Amino acid sequence: MDFIKNFIVSIFFISLLCLIQISILNPLFLGYYSYIYVLFIFVYPYNKNKFLFLFFSFLIGWIIDHCMNSGGIHAFSTTLSAFLRIPFLKFFDGKSFINRNDFSIYELPFFRTTLYIFSLIFTHHLSLLILEILKETTFSQIILLRTTFSSIFTTILCIIYFFFKKN
0 MDFIKNFIVS IFFISLLCLI QISILNPLFL GYYSYIYVLF IFVYPYNKNK
50 FLFLFFSFLI GWIIDHCMNS GGIHAFSTTL SAFLRIPFLK FFDGKSFINR
100 NDFSIYELPF FRTTLYIFSL IFTHHLSLLI LEILKETTFS QIILLRTTFS
150 SIFTTILCII YFFFKKN
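When we follow numbering that gives the first Met the number 0, the leftmost residue of the sequence shown carries the number 0, and every step to the right adds one.
Structural data, given as structure tokens:
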């Protein structure tokens, strides 16, 4: 029963994030600097089915790719970030995460939470923008600058979400 509830809630949240991304943020920012769908990676419970989590991460990226006609770059970047979520969390939280099954991101200190969110978002955006530039076969754009700005913006959006969710 818990599996079905988790599945339905995840599908609803994915649909909501994709709707916000596609209908509001993409037209507003022309698809740059606003990838709020990455929030799913942080919100999904840490002790649930890992395969299902990777599948959902791929699914949300695939939906964004399908609607933006971007050729799979969002699916790859989202799945990569989902795959690296636990190693990044182990790096920023250390041994206390490894020994607990009921971990919540709200338990981390603010500075560690911010670094964790920023590093995972930076990895997502870096892989996304590298693949985008390789797809366009033009190397005149500055990858690191675009990655940094979009990572900062998305990190701020995620921190605002977690701040309001906590209160």
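Every residue gets a Cβ at the ideal spot worked out from N, C-alpha and C, and that includes glycine.
Small disclaimer: the values here were computed from a predicted structure and weren't measured.
Worksheet item: Do S103 and T78 have their C-beta atoms closer together than 7 Å?
Response: no
Worksheet item: Mind pulling the alpha helix (DSSP H) runs of 4 or more residues that sit fully within the segment 65-113?
Response: Entirely contained in the segment 65-113, the alpha helix (DSSP H) runs reaching 4 residues are, in chain order, 72-92 and 94-97.
Discussion item. Using CA atoms only, rank isn't needed, just tell me which of L83, P108, F87 and F11 is closest to L53.
Written reply: Nearest to L53 by C-alpha distance, out of L83, P108, F87 and F11, is L83.
Practice prompt. Use the C-beta contact count for S150: other C-beta atoms within 10 angstroms, 16 or more gives buried, fewer gives exposed.
Written response: buried
Discussion item. Quick check on D92: buried or exposed, where buried means 16 or more other Cβ atoms within 10 Å of its Cβ?
Written reply: buried
Worksheet entry | Proximity to L58 [Cα-Cα], best of S126, I120, F12 and I142 | Distance check between L58 and each of S126, I120, F12 and I142 places F12 closest, using alpha-carbon atoms only.
Worksheet item: S22: which of I10, I62, L51 and N46 sits nearest, CA to CA?
Response: I62
Discussion item. I need the straight-line Cα distance from I132 to D64, nearest angstrom please.
Written reply: Roughly 15 Å between the two C-alpha positions.
Item to complete: Measure from the alpha carbon of F162 to the alpha carbon of each residue in P26, C17, P86 and L107, then state which is nearest.
Response: L107
Practice prompt. If I'm right that L24 touches S14 with Cβ under 8 Å, what's the distance once you round it to whole angstroms?
Written response: Not really, about 15 Å apart at Cβ, beyond 8 Å.
Practice prompt. Take G70 as the anchor and find which of Y160, K134, K164 and C157 has the nearest alpha-carbon.
Written response: Closest option to G70, Cα to Cα, is K134.
Fill in: Own chain residues within Cβ distance below 7 Å of I19, not counting five before or after
Cβ contact annotation for I19 (same chain, cutoff 7 Å, sequence separation greater than five): I35, in chain order.
Worksheet item: Quick one: Cα of I155 to Cα of F109, how far?
Response: Distance between the alpha carbons of I155 and F109: 13 Å.
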